[in-house]
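Using my numbering, you'd call the opening residue of the sequence shown number 313 and step up by one each time.
For glycine and all other residues, C-beta sits at the position ideal for the given N, C-alpha and C.
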Amino acid sequence: MKHFSISIIVFFFLCHLSLQSQNVNEPLRPAFTKHAPIIDGSLDDQVWTVAPQVSNFKTFVPDFGKDMSEKTVVYMAYDKNNLYFAYRCYDREPEKIKATITNRDNISTDDWICINLDTYNDHQSLTAFYVNPYGIQMDSRFSNNVEDASSDFIWYSAGKIDSAGYTIEIQIPLKSIRFNSGKTVEMALFFERKINRRSEQGSYPALNPDMGQSILTQLNPIVFENITNQSFLEILPAITYNQQYSHHEGKLNKDLADGAASLTLKYGITSNLILDATYHPDFSQIESDAGQIDVNLRSNLFFAEKRPFFLEGSETYNFGAIRSSSVDPVYSVIHTRTIVNPEFGVKLAGKIGNKNDVSFMYAKDELNNSVDNTKFVNVPIFRYKRSFGNDSYLGGVYTSRESEGAFNRLSGIDGSARIDKSTTLVYHALYSNTKREDANQALDGHAIGLRLARMTRDWRLVFTYKDISENFIADMGHITRTGLEIYTAYAAPQFYPKTEVIRKIMPELFIGQVRDKYYNMWETFNFASVNISFGGQTEFIAKYYLTTEIYGGERFKTNGFHTLLQTQLSKQLAVGFVSRWNNAIYYSNPQQGKTYRLTGGITYQPSEKITADYSLSYANFKSDLDHALLYDYSIHRLKLTYQLNKYLLFRGITEYNSYRKELLTDFLASFTYIPGTVIHLGYGSVYDKLEWDHVNSRYDESERFIEFRRGFFFKVSYLWRI
């Protein structure tokens, strides 16, 4: 393993040196202003009359290089503390603009604009700032071909719809982004616009069809003069209060009435190096998780990170060659949700020099109900990345989870090498060393992954290799299976009919061969499909699977048929569903059977402020042995949201689980001024079809619901930035 790692480092280091970064566009030079614009959505400020502008937007969805159907103009300015951007989005049919007054990060189905900002111009990551025509925000980080929407930055926006289309103003404080300060600061960006009703997305600069949607290497440089170091201090205290009730012996009794305080600090040592610290970070949820089909699962479900302390610099946790194919079990190498109940944590993240990204974190995780009486686990994480030309990099990682008498340690390398303008090779080589409390010796394991991809306008070609040993363990990650050797190939030509009805056709062919090392048996994962994109935001997919799966030393058939249809029927109404009929395994008592799964949803927006969402999740399983129906599971969920303005919302949720015969109700009032400054008030109940048998002192099934659990919570937090 050691010799392999050294060889792969040398090989890919040479690959990294083979290509040098190049920007084909002249740098943009925004106007410096001493008179900051008022962020109200109106472009009547003096600065916009003198600010440089760009307007030559070209499409990349559904096809590349076409003029957008509507004109877009972007203006750029800055001062010593902020970056400013303004959009004038023309639209000859302003009454058809899709826009909603909704909560943050909920505008993906609207018309929107986006500023994708590479603050170091190193082609490694982007910070994306999305805004809909009413000024509602959405933001994300993008690196290693993964977009993470869990981050929430502090920035300001406003929008207005008028007879010519809509206008947007944006203010991005320099304290909210990381960059190399100096006399001349060079960043890079990519302006986007989406027109929902036409299924159209365009950009400036235009994307090269030979490079497909490899955005990181196609940004336009933008130069700012005399941007100074932005040191700052953020203080985020939070207070939560919870009451919980549950049914005991026929009565609803109070189980918990508890308040808790947390504190998170962030200090900007420089404009590109940040120190974070937290004490009992708050992780209260303002909305109950949508119910999921939780029977007959082979692996645990994945939940995203949302705690602010863990999000700073989290884009460096995206590794090369993970989630590389439909059968890749390595979903994450560092998943901080595994740090469940930290007492405290510290983190240093940022950039040293122009090419070195570093992130070091230590957390002390408190274990509740530990079977071995261990109270705490020590969790250090170190991540390093060295960037090269284009979007190439070489990285290293070390993670550990240490308790008394037990540990899990992981180390390794990963990276990306751009072979040519259309082709990339990404990889990782990881080593784990694990000792459990009751074990006499430690176990060694490894994971090796390669992904070669060629992406252009007309073709998508991907080849992957994965080798995961039986004893590879990543307690800090999310891995669904081990003991596998995987080979895959994927090909997808793309066709663009010259018609307004069908915008794009993409047949797909995927071939996967998987060796289960535990039993030295091969399984297959093959599919053929056709994806059709229509006008009017409509998509249809039909897919046939020819697959098998090894479980418990037996080979089971899992082949079947999959369909997807989603469409925006009107400005107010959207529907979509995914269905799948296939052979399957019943894991708890291994046997062959058949399953049907359906996931569907309807969204109705009678006005810009009111949204009703209905969703259905359904699954069943019928045994091939005796044709018995082993389960029939459905979850119905209705969510009604009234957004009074961009800050204040009221939400009600009702969910019925037919399998558990359980009804959930959840009500919320939420005020969010900026991320961190919030007030939440929530109340919820769970009703079960049970009744208390006083004679036998037990709960029996009933035809009537009783309120079996009840909860109330209040949270307030305030972010100070100094």
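Shown here, residue 527 sits in a helix according to DSSP, grouped into three states. Between residue 504 and residue 428, the beta carbon gap of about 7 Å places them in contact (Cβ cut-off 8 Å). In the DSSP assignment, residue 360 falls within the alpha helix (DSSP H) that extends over 359 to 362. Annotation for residue 623: the continuous alpha helix (DSSP H) segment containing it runs 620 to 623. Within the same chain, Cβ atoms closer than 6 Å to the Cβ of residue 845 are found at 374, 815, 816, 851, the five residues on either side in sequence being excluded. Between residue 883 and residue 895, the C-beta gap is not smaller than 8 Å, which leaves the two residues out of contact.
The beta-bridge partner set that DSSP reports for residue 589 consists of 577, 658. The count of Cβ pairs closer than 8 Å, one atom from the region 509 to 521 and one from the region 357 to 370, reaches three, so the stretches are in contact.
If you look at residue 549, you'll find it in the beta strand (DSSP E) that goes 544 to 560. Straight-line measurement puts the Cα of residue 386 at about 17 Å from the Cα of residue 536. Residue 977 has its alpha-carbon roughly 40 Å from the corresponding atom of residue 715. Residue 645: not part of any beta strand (DSSP E); DSSP gives it neither H nor E. Shown here, residue 423 sits in coil according to DSSP, grouped into three states, outside any helix or strand. Between residue 628 and residue 563 the beta-carbon gap is near 52 Å, outside 8 Å, which marks them as no contact. Pairing residue 963 with residue 927 gives a Cβ-Cβ distance that is not under 8 Å. In the pairwise beta carbon analysis, the region 642 to 654 is classified as not touching the region 549 to 569: fewer than three pairs are separated by under 8 Å. Counting of Cβ neighbours within 10 angstroms places residue 459 among the exposed residues, the total staying below 16. Bridge partners of residue 834 according to DSSP: 827.
For the 8 Å CB-CB criterion, residue 709 and residue 694 form a contact. By a beta-carbon distance limit of 8 Å, residue 822 contacts residue 802. Their separation comes to about 5 Å. For residue 971, the three-state secondary structure derived from DSSP is coil. Spatial neighbours of residue 995 in its own chain (CB-CB distance under 6 Å, excluding positions within 5 residues in sequence) are listed in chain order as 979, 1024. Counting other Cβ atoms within 10 Å of its Cβ, residue 970 stays below 16 and is therefore classed as exposed. Residues 411, 413, 471 of the same chain have their beta carbon placed closer than 6 Å to that of residue 446, with the five preceding and five following residues left out of the count. Taking residue 987 as the centre and dropping the five residues before and after it, the same chain places the C-beta of 416, 464, 465, 466, 620, 1031 closer than 8 Å to its C-beta, in chain order. With contacts defined as CB atoms closer than 8 Å, residue 391 and residue 345 qualify as a contacting pair. Bridge pairing for residue 484: 395 [DSSP]. In this structure the region 425 to 439 touches the region 664 to 674; the number of beta carbon pairs closer than 8 Å is three or more. Per DSSP, reduced to three states, the secondary structure at residue 367 is coil, with no helix or strand assignment.
A check of alpha carbon separations from residue 351 across 533, 614, 448 identifies 448 as the nearest.
If you check the CB distance, residue 487 and residue 424 do not come in under 8 Å. Under the three-state reduction of DSSP, residue 712 is assigned to strand.
Taking residue 493 as the centre and dropping the five residues before and after it, the same chain places the C-beta of 539, 540, 541, 542, 582, 583, 584 closer than 8 Å to its C-beta, in chain order.
A straight-line Cα-Cα distance of about 35 Å links residue 396 and residue 615.
The beta carbon of residue 873 sits closer than 6 Å to the beta carbons of 856, 893 from its chain, once the five residues preceding and following it are set aside; these are given in chain order. Annotation: residue 771 to residue 365 spans about 34 Å, alpha carbon to alpha carbon.
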